[in-house]
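Structure first, then comments.
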Amino acid sequence: MPHYLTRTLHRNYQVELLNAFTNNDPDLSPPNIIVHGFRSTGKTTTLKEYFNSRHELLSCWVNAVEMVTGKPFAQHVAVQVSRILKDKFPGIAAKEYDPLSAEDFSLLAKFLYNTFAQYQNLDKRYGIYVILDEFDKIDELDIELLPKFLKLHELIPNIFKLEIRFIHVISGSSFLGYYCNYNIPTIVFPIYNQDETSDIVHHVKGKELGSCPQLSSKIEQFESPVHSQRLCNEIAKNFITLIIQAFHSYTGNDPAILIEMIEGKWDSYVDSITEQNYKDPPALYKANLELFKNTGDTLIGNDDDNEIEDYGNENLNKTDQNGSTSKSITKSQFTNNAYEISTMSKYLLIAAYLTSYLNPRFDSKVFSKKSHLRAGRSSYGRRHKMDTNPRYLQPSLFSLERLLAIFQSIYPVHISKELHSDFIQKDTHMRANVEVYENLSELNSLKLITSAINKSVDYLHEKVKWKVNVSWEIITEISRTVDFDIAEYFSDIHE
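Each residue of the sequence shown is one higher than the last, beginning at 124 in the numbering used here.
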């Protein structure tokens, strides 16, 4: 097995495809390759490991996230190509051309033509691989930008010892669908399954946490150095496993989010280690129940100090059956990943959660303005409670029309009168207005609600589907800040 296959976890097939499509001789490789996969599927990591291992291949990176529009792309490509050639062939006295002169693709082709002409004395031909990472993440993405890169090699005659090759890293399948007829070789990175996700998280964080100085110094107080490292590794491994088991239903098969959770909770976990529990994983787990019950996400703002203090006092000195004291949640932990959003945004988010998790079949009865919230068969029309709580499942897609209808039903009339006097109301029902869509856009930009498409979201289009992207803990916290009992809507469901 080639050495570069052992550096990536669960991506050997994709690396083999990369090896088949890339070669130092440009005659043996296609001018364009597409690498496609959703977030946290290992695209960038695999590419970096591969090209770092293949030292004979000339490669450079351009990160599209740094671009506001596609216009600077040509200049960045020119800069990176110029830099890699100087580093690889320092002995060649080549005339320097200003890479910033490549303001568009025709000028980029001219720049590459003039630059490549300076290296005709090379002993063999070389391909220069330019990796365009996160290509579809440009804020103002032009649909014609990718074809310009796909056709760039046609503007440069293949008479030179150097040829340019592009690798386009794309996340959105909808964006990729525009170019399905171009017949570009595509390497697909599928989403990891649960076992693969667990392997990756253990691989990335296991050794790091096992050698953590904070943990080592604590264990060495109770054990000899001969056994302390083994115990540190076991504690780290158990902690990672507990995080995965506790939060996998929330994070899905996303190693990046799980790693963030591990990093955020590790210090508190180590602080709770005592001489009584360092060899007893169940006792150590019980001493940190709050860590594994809460994601640490919240939607409260920095001004809600009193609420944080109240929450901390309620959880202070909670003692389990074994006499261990649970560590109270600190203010910094409680406000982790906090967002400052308006009251209207909070109700929109609550409506989005209800819309994603409740059956639309019973909307007319559950959200009727003519009566209070009903429970049991009178509202849901069934003889038995549901066996599975819908909020334990994945959120369902919903239309904007249904979201606004539920939002109108739950949004308090007195708030709309006191705080938003510009609303046009009739019979206590709000009409849709610009402010609603501004708040909807804000929630979308914060990724608290997401659409089924990645780019150019038209909030008014009836075919655009949405879903909520927050956990039960977050939505209950935000509901509490506006005195809205969201749990009542799930009260007739088995836990």
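Even glycine gets a Cβ: it sits at the ideal position worked out from N, Cα and C.
Please list, in chain order, all residues of the same chain as residue i whose beta carbon is under 7 Å from its beta carbon, the five residues on each side excluded.
i       : result
Glu-398 : Phe-345
Pro-404 : Asn-361
Ser-163 : Asp-377, Pro-378 and Ala-379
Leu-223 : Gln-198
Gln-444 : Caution applies to Gln-444, whose pLDDT of 42 falls short of 50 and renders its modelled position unreliable; the value that the coordinates give is listed next. Excluding sequence neighbours, Gln-444 sits near nothing in its chain.
Met-190 : Phe-196 and Ile-261
Tyr-392 : Phe-362, Asn-411 and Leu-414
Lys-211 : Leu-181
Gln-592 : According to the sequence as given, residue 592 is Asn; it is not Gln. If we look at Asn-592 and ignore the five residues flanking it on each side, its Cβ neighbours are Lys-570, Leu-571, Ile-572 and Thr-573.
Lys-278 : The sequence given here places Leu at residue 278; Lys does not occur at that position. Excluding residues within five positions, the ones whose Cβ falls inside 7 Å are Ala-232.
Tyr-220 : Phe-234, Asn-237 and Thr-238
Leu-526 : Ala-474, Ala-475, Thr-478 and Trp-589
Can you list, in chain order, the residues of its chain whose CB lies under 8 Å from that of residue i, leaving out five sequence neighbours each side?
i       : result
Thr-418 : Phe-370, Tyr-373, Met-384, Ser-594, Glu-596 and Ile-597
Asn-316 : Asn-376
Gln-203 : Cys-183, Trp-184, Val-185 and Val-253
Leu-338 : Leu-332, Cys-355, Ile-358, Ala-359, Val-393 and Ile-396
Leu-110 : This structure leaves residue 110 out entirely; the chain is present only between 124 and 618.
For residue i, is the classification buried or exposed, using 16 other Cβ atoms within 10 angstroms of its Cβ as the cut-off for buried?
i       : result
Cys-303 : exposed
Tyr-305 : exposed
Ser-64  : Look at the range of the chain in this structure, 124 to 618, and you will see that residue 64 is not part of it.
Gly-160 : buried
Gln-198 : buried
Arg-484 : exposed
Gly-214 : exposed
His-276 : buried
Ser-568 : exposed
Tyr-136 : exposed
Ser-321 : buried
Ala-143 : exposed
Ala-225 : buried
Glu-267 : exposed
Pro-154 : buried
Lys-341 : buried
Ser-564 : exposed
Ala-87  : Residue numbering for the chain in the displayed model covers 124 to 618; residue 87 lies beyond these limits and cannot be assessed.
Lys-218 : exposed
Val-324 : buried
Val-200 : buried
Glu-179 : exposed
Glu-558 : exposed
Ile-156 : buried
Ser-602 : buried
Ser-347 : exposed
Glu-600 : buried
Suppose contacts are defined by Cβ-Cβ distances below 8 Å. Is residue i in contact with residue j by that definition?
i       : j       : result
Asn-562 : Ser-468 : yes
Leu-269 : Val-292 : no
Ser-519 : Lys-590 : yes
Ile-310 : Leu-132 : no
Leu-208 : Thr-238 : yes
Ala-610 : Phe-530 : no
Val-158 : Ile-290 : yes
Lys-416 : Ser-522 : no
Leu-230 : Ile-287 : no
Tyr-534 : Tyr-470 : yes
Val-185 : Val-253 : yes
Phe-312 : Lys-166 : yes
Val-605 : Thr-466 : yes
Phe-228 : Lys-284 : no
Please go through the same chain and pick out, in chain order, the residues whose beta-carbon is closer than 6 Å to the beta-carbon of residue i, but skip the five residues on each side of it.
i       : result
Ile-366 : Met-384 and Ile-385
His-326 : Leu-132
Ser-532 : Phe-490
Val-188 : Glu-257 and Lys-260
Ile-464 : none
Tell me whether residue i, by its Cβ, gets closer than 7 Å to a heavy atom of the ligand GTP.
i       : result
Thr-418 : Summarising the ligand content, the structure contains no ligands, and the ligand GTP is consequently not present.
Check the Cβ-Cβ distances between residue i and every residue of chain D, and say whether any is below 8 Å.
i       : result
Leu-412 : Judged by its chain identifiers, the structure shown contains no chain D, having just a single protein chain.
Please give me, in chain order, every unbroken run of the alpha helix (DSSP H) with length at least 4 that falls completely inside the region 157-194.
166-176
For the pair the region 317-336 and the region 355-366, tell me if three or more CB-CB distances fall below 8 Å.
yes
Is there contact between the region 248-255 and the region 140-160, where contact requires at least three CB pairs shorter than 8 Å?
yes
Is there contact between the region 256-271 and the region 286-301, where contact requires at least three CB pairs shorter than 8 Å?
yes
Contact the region 234-244 vs the region 163-183: 3+ CB pairs below 8 Å:
no
Which whole runs of the alpha helix (DSSP H) in the region 192-218 are 4 residues long or more, in chain order?
194-211
In chain order, what are the residue ranges of uninterrupted alpha helix (DSSP H) at least 4 long that sit wholly in the region 345-423?
348-374, 378-394, 404-409 and 412-416
Ignoring anything shorter than 4 residues or poking outside the region 294-355, list the alpha helix (DSSP H) runs there in chain order.
296-299, 317-333 and 336-342
For the region 132-157, list the beta strand (DSSP E) runs that are entirely contained and at least 3 residues long, ordered along the chain.
none
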